[in-house]
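These notes concern the structure reproduced below.
Number of protein chains: 2
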Amino acid sequence: MSDDHTTPADWCLHPRLKADSFPIFDHGRLQFRLINDRRFVWTLIVPMHPGAEQLHRLPPDWRNEALAGLQALSETLEYLYHPDRLNTGAIGNLVDQLHLHCVVRFGDDPAWPGVVWGAGEREPMKPIELLARIQPIAAGLGDALARNSERTA
Amino acid sequence: MSDDHTTPADWCLHPRLKADSFPIFDHGRLQFRLINDRRFVWTLIVPMHPGAEQLHRLPPDWRNEALAGLQALSETLEYLYHPDRLNTGAIGNLVDQLHLHCVVRFGDDPAWPGVVWGAGEREPMKPIELLARIQPIAAGLGDALARNSERTA
């Protein structure tokens, strides 16, 4: 239950996030998405809270759910990709709807050691590439969310 | 108590973080710092956990403490500055020691709408300016940490 009785039913995804990314899956009140950019494995978590703009202003139960989602997503990306670094953040200077970034980074990727935000032009993937990238993340994330929820139950 | 009996006594600050920023204060197992750059109110939280590099690999009690610190810091910066946006993140591509960023952003600041990481040259402050910036953050943060800890007690 939400502190403020807000529900995902009243929520819709920002058009720019919709255009730039594809759904991985929804879990609870979170939508996990993949940015359509071949250069980086770049994921998003969007809490489906209408009007949410900043993490620190989310109701505490929503914030805890988002942070648990970030933990599961981070564990999944580490397991799948063995990155040199995960870059996580809530920026939102261009899209005011709250979304958390979690990006797989390598010392030889095209933006290293800089950040991915504002780094060059995105390279859209073909549908088959998108699917191949999304499928293992979805499978791993489902496992991680279930495992972590058992651990805290 | 730490999950792994690690204590801040075994910890020391990364030389680059030490050179780039000044202490606001230590609270529990967290060190709050201010980046020495006149252009942005740019704060850091450094969990004093020896060897910590990534947020998702911190022991859960340390991670919860760091995230509670980020919440108190965000509330403080919002109260003091009324920013258009707070940018928060864990990047660490240049400094492997775990540190969380929390940056006050305005639509007319020198990096907007881009991010502050990698944006131009830092402008160091004079000691009196640093002090004037640190003092209200320290006071507000002390209040926010006490208030939030009562709320969850």
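Chains as they are written, first to last, in this note's numbering: chain A, 5 to 157; chain B, 5 to 157.
Glycine is no exception: its CB is placed at the ideal position from the N, C-alpha and C atoms.
Which residues in chain A have a C-beta closer than 7 angstroms to the C-beta of residue i? List them in chain order.
i              : result
L59 (chain B)  : T92
L145 (chain B) : Neighbours of L145 (chain B) on chain A: none; closest Cβ ~13 angstroms, over 7 angstroms.
Please report whether the beta-carbon of residue i lies at a distance below 8 angstroms from any beta-carbon of chain A.
i              : result
W116 (chain B) : yes
I95 (chain B)  : yes
V45 (chain B)  : no
R109 (chain B) : yes
S6 (chain B)   : The predicted model places S6 (chain B) with a pLDDT of 43, which falls under 50 and marks its position as unreliable, so this point remains unresolved.
P12 (chain B)  : no
R89 (chain B)  : yes
Do you know whose CA, among the options, lies nearest residue i's CA?
i              : options                      : result
P27 (chain B)  : B:R20, B:L149, B:F36, B:D100 : B:F36
F44 (chain B)  : B:A72, B:A142, B:R20, B:I138 : B:I138
V107 (chain A) : A:P131, A:A94, A:L98         : A:A94
G73 (chain A)  : A:D14, A:P12, A:I132, A:L34  : A:L34
L135 (chain A) : A:A56, A:N152, A:Q58, A:S25  : A:S25
T10 (chain B)  : B:D30, B:P19, B:A56, B:A23   : B:A56
F110 (chain B) : B:N97, B:N40, B:P87, B:P131  : B:P87
L145 (chain B) : B:G32, B:P12, B:L21, B:A13   : B:G32
D30 (chain B)  : B:L102, B:I39, B:P12         : B:P12
R151 (chain A) : A:E133, A:D112, A:Q75        : A:Q75
G96 (chain B)  : A:P117, A:G96, A:D113, A:N97 : A:P117
T156 (chain B) : A:M129, A:L38, A:P19, A:P64  : A:P64
G124 (chain A) : A:T47, A:L21, A:A115         : A:A115
N40 (chain A)  : A:I132, A:N68, A:E82, A:E127 : A:E127
W46 (chain B)  : B:W15, B:P19, B:L149, B:E82  : B:E82
Tell me, to the nearest whole angstrom, how far the beta carbon of residue i is from that of residue j; I am working on the premise that it is less than 8 angstroms.
i              : j              : result
H105 (chain B) : S78 (chain A)  : Not really, about 17 angstroms apart at Cβ, beyond 8 angstroms.
V119 (chain B) : G122 (chain A) : 6 angstroms
L90 (chain A)  : Q58 (chain B)  : 6 angstroms
I141 (chain B) : T80 (chain B)  : 6 angstroms
L102 (chain A) : L62 (chain A)  : 7 angstroms
P51 (chain A)  : A70 (chain A)  : 5 angstroms
L21 (chain A)  : L48 (chain A)  : 7 angstroms
M129 (chain B) : R42 (chain B)  : 5 angstroms
Run through chain B and tell me which residues come within less than 8 angstroms of residue i, C-beta to C-beta.
i             : result
L98 (chain A) : P117
Would a check of beta-carbon distances place residue i closer than 8 angstroms to chain B?
i              : result
W121 (chain A) : yes
Give the residues of chain A in contact with residue i, contact being defined as C-beta atoms less than 9 angstroms apart.
i             : result
R20 (chain B) : What R20 (chain B) touches in chain A: nothing, since even the nearest Cβ is about 12 angstroms away.
R37 (chain B) : Correct list: empty, because the minimum Cβ distance to chain A is about 18 angstroms.
Report the residues of the stretch 59-81 of chain B with a CB closer than 7 angstroms to any CB of chain A, ordered along the chain. Hits within the stretch, in order: L59, H60, L71, Q75, S78, E79.
Return the residues of the stretch 126-153 of chain B that lie within a Cβ-Cβ distance of less than 9 angstroms from chain A, sorted by chain order. Residues passing the 9 angstroms Cβ filter: none.
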